[in-house]
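K.L.:
Next up is a structure, given as structure tokens.
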Amino acid sequence: MNIKEQLYNQCVAFVENRFQTIQNTINEIQVSLTSETKSSAGDKHETGRAMLQLEREKAGNQLAEIQKTRELLSKVNISKTSKIIGLGSLVYTSNSNYFIAISAGAIKVNDDLVFAISSNTPIGQLLMGKTVGDTIIFRNQKFTIETVL
Numbered sequence: 001m002n003i004k005e006q007l008y009n010q011c012v013a014f015v016e017n018r019f020q021t022i023q024n025t026i027n028e029i030q031v032s033l034t035s036e037t038k039s040s041a042g043d044k045h046e047t048g049r050a051m052l053q054l055e056r057e058k059a060g061n062q063l064a065e066i067q068k069t070r071e072l073l074s075k076v077n078i079s080k081t082s083k084i085i086g087l088g089s090l091v092y093t094s095n096s097n098y099f100i101a102i103s104a105g106a107i108k109v110n111d112d113l114v115f116a117i118s119s120n121t122p123i124g125q126l127l128m129g130k131t132v133g134d135t136i137i138f139r140n141q142k143f144t145i146e147t148v149l
């Protein structure tokens, strides 16, 4: 398995883990909502239900976001290599290494530390469309693109 496959698989695992966590939260909220019985303290009960409804809405929004992330990840083609940086590119710079896919943080593969980033992050936007030898400046640091896979 090559490094891009490993990075991609780690990104998939990251998304699935987030999805499962959000799904579990939604299930717990649903159980809380159905088990919340009307007590003699009616106002307290209504406040509790309203809070649970807000939590469920927030979790629903997170679920929609993770679905978008999942969709974006499905568009990443790791078998394609291009000299120009795009979605699915593995970029080695003089400073750090980047996998352009989704924002999943630092991933260690073999001895390489690679940052999985989305193309719409500030650093991702600077890298998109660039090629080997190009230089970018990010947070007052100069990076030279050394390799694109």
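Residue numbering for the sequence shown follows UniProt numbering, starting at 1 and increasing by one per position. For every residue, glycine included, the Cβ atom is placed at its ideal position computed from N, Cα and C. Just so we're clear, the structure is a prediction, and the values are computed from it rather than from any experiment.
May I ask you to report which of helix, strand or coil DSSP gives N61?
P.N.:
Residue mapping note: residue 61 aligns to position 61 of the sequence shown, counting from 1. Note: N61 maps to helix in three-state DSSP.
K.L.:
Are the beta-carbon atoms of V148 and I107 separated by less than 8 angstroms?
P.N.:
For the purposes of this step, residue 148 is identified with residue 148 of the sequence shown, where counting begins at 1. For the purposes of this step, residue 107 is identified with residue 107 of the sequence shown, where counting begins at 1. Not in contact: V148 and I107 (Cβ atoms no closer than 8 angstroms).
K.L.:
DSSP state of T131, grouped into three classes?
P.N.:
As a working note, residue 131 is residue 131 in the sequence shown. Here T131 sits in coil by DSSP.
K.L.:
On the DSSP letters alone, give me the boundaries of the beta strand (DSSP E) that I107 sits inside.
P.N.:
Start at 1 with the first residue of the sequence shown, and residue 107 comes out as number 107. I107 -> beta strand (DSSP E) spans G105 to V109.
K.L.:
Can you tell me the Cα-Cα spacing of N24 and N140, whole angstroms?
P.N.:
Locating residue 24 in the sequence shown gives position 24, counting from the first residue. Locating residue 140 in the sequence shown gives position 140, counting from the first residue. Whole-angstrom Cα-Cα distance: 42 angstroms.
K.L.:
Within this structure, are the beta carbons of E5 and Y92 separated by less than 8 angstroms?
P.N.:
Within the sequence shown, the letter at position 5 stands for residue 5. Within the sequence shown, the letter at position 92 stands for residue 92. No, the Cβ-Cβ distance between E5 and Y92 is not below 8 angstroms.
K.L.:
Could you have a look at I123 and say whether DSSP puts it in helix, strand or coil?
P.N.:
Taking the sequence shown and counting its residues from 1, the one referred to as residue 123 is at position 123. Residue state, collapsed to three classes: helix.
K.L.:
Just to confirm my understanding: we take S56, look at its own chain, exclude 5 residues before and 5 after, and list those with CB closer than 6 angstroms. What are they?
P.N.:
Translated into positions along the sequence shown, residue 56 becomes position 56. In the sequence as presented, Ser is not what sits at residue 56; that position holds Arg. Around R56: I29.
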